[in-house]
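Residue numbers (this note's numbering), protein chains in the order written: chain L, 1 to 165; chain P, 1001 to 1165.
The structure under discussion appears below in the form of structure tokens.
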DNA sequence: ACAATATTGAGAATCGATTGCATCCGTAGA
DNA sequence: TCTACGGATGCAATCGATTCTCAATATTGT
């Protein structure tokens, strides 16, 4: 469907910021984008849309079910287009890559467990955290050289790096 | 084990704030506490510990695996004592009650799926959101009277209430 | 008890996100 | 096509949660 029509169907005027933001999610090869991500991507196209507008538009798109809002462990919120089937996520704690997966066995168990608890299920969120295939391989290559000393707990505690670039 | 010893084993000095905070988690009947929750509970015992200290101590306890940090959908971070078996959560979107559950079938599927993706699993987070048994019952009782008009999408968008009291 | 060192508390600073407001613009109707 | 209305935008101010800075204080090994 045409983007402007899709917007009007949700009761939203077809403005430039909204058109461009939706286009971004439909065409970007990165599926999960934060408000800042969107802001910077639009800047690259010489579109200086205010951050406040981006936050507002993302919120409206989420309300209209055009986008899905996701919140991974401690990280800022990201959005993805709501066009594919339901799925959960594997997040690499090293390179931040996000992979998607679906498992009907897990879905069924969730439904069953909710029922057993008298719980009326509205939504759920399952995320696996760890090292993706590439990062496992890379870490393995490096570790042979400098395996000798691991920083101990106290030292690691002091070195929490910011997550975003 | 004695609390002071438990702290020293983690390389932490047995200070009053730390003792009291750990005690709180061991004895409070509410399992999941935010930093603010801890702050207010300590105030009730006439202990005015600075918020910064509480955030620091909670972080250290999480690093030391004494506490587990949890982050539910959009909400602030909460902590729970890491003494019981691993479990996941059902969160009531109406009364904020948190129930815990465990399902080995789900756990196994997660392990399998990670392996299939070449993913080295470190951690995972599964939360179900919906209405708990009590809130389902309460809503049901009220709905017969005022079922007539539901606020429409735009109106609901405008009424995002803050989550904490 | 003392010195060395870790910890605390208060407030300022940061971070992501939201909001108020004056202005601007998309769109339905003339 | 033109116009006016109401929604949409940008900016700056603000928010709540968390982290940082730094001087003052408390804990621990000796």
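Idealized CB from N, CA, C, for every residue including glycine.
Whether residue i touches residue j by CB criterion (8 Å)
| i | j | result |
| --- | --- | --- |
| residue 54(L) | residue 23(L) | no |
| residue 1089(P) | residue 1028(P) | no |
| residue 1062(P) | residue 1071(P) | no |
| residue 93(L) | residue 129(L) | yes |
| residue 1018(P) | residue 1007(P) | yes |
| residue 120(L) | residue 1049(P) | no |
| residue 1134(P) | residue 1095(P) | yes |
| residue 125(L) | residue 1073(P) | yes |
Neighbour flag for residue i against chain L, beta carbons, 8 Å
| i | result |
| --- | --- |
| residue 1123(P) | yes |
| residue 1144(P) | no |
| residue 1133(P) | yes |
| residue 1006(P) | no |
| residue 1026(P) | no |
| residue 1018(P) | no |
| residue 1114(P) | yes |
| residue 1136(P) | yes |
| residue 1117(P) | yes |
| residue 1085(P) | no |
| residue 1103(P) | yes |
| residue 1073(P) | yes |
| residue 1109(P) | yes |
C-beta neighbour in chain P for residue i, strict 8 Å
| i | result |
| --- | --- |
| residue 127(L) | yes |
| residue 164(L) | Because the pLDDT of residue 164(L) is 46, which lies under 50, any placement of that residue in the model is unreliable, and the number read from its coordinates should be weighed accordingly. Judged by the 8 Å Cβ criterion, residue 164(L) is not in contact with chain P. |
| residue 56(L) | no |
| residue 9(L) | no |
| residue 81(L) | no |
| residue 106(L) | yes |
| residue 100(L) | no |
| residue 93(L) | yes |
| residue 130(L) | yes |
| residue 120(L) | yes |
| residue 48(L) | no |
7 Å CB neighbourhood of residue i in its chain, flanking five on each side removed
| i | result |
| --- | --- |
| residue 65(L) | 82 |
| residue 85(L) | 102 |
| residue 963(P) | A question about residue 963(P) goes unanswered here, because the residues of chain P that appear run from 1001 up to 1165. |
Residue i, buried or exposed, once every other Cβ within 10 Å from all chains shown has been counted against 16
| i | result |
| --- | --- |
| residue 102(L) | exposed |
| residue 1080(P) | buried |
| residue 1052(P) | exposed |
| residue 1185(P) | Outside the displayed span of chain P (1001 to 1165) sits residue 1185(P), for which this structure offers no information. |
| residue 1030(P) | exposed |
| residue 112(L) | exposed |
| residue 43(L) | exposed |
Spatial neighbours of residue i in its chain, beta-carbon cut-off 6 Å, leaving aside the 5 residues before and after
| i | result |
| --- | --- |
| residue 1010(P) | 1064 |
| residue 25(L) | 81 |
| residue 1132(P) | 1092, 1097 |
| residue 68(L) | 80, 82 |
| residue 1014(P) | 1004, 1007 |
| residue 1142(P) | none |
Nonlocal neighbours in the same chain, by C-beta distance under 8 Å from residue i, ignoring five residues either side
| i | result |
| --- | --- |
| residue 57(L) | 17, 18, 21 |
| residue 1087(P) | 1100, 1101, 1102 |
| residue 1041(P) | 1024, 1028, 1033 |
| residue 1012(P) | 1018, 1060, 1064 |
| residue 1039(P) | 1049, 1051, 1054 |
Practice prompt. Evaluate contact between the stretch 1112-1122 of chain P and the stretch 108-117 of chain L, counting only Cβ atoms and requiring at least three cross-stretch pairs below 8 Å.
Written response: Look at the beta carbons and you see the stretch 1112-1122 of chain P not touching the stretch 108-117 of chain L: under three pairs across the two are nearer than 8 Å.
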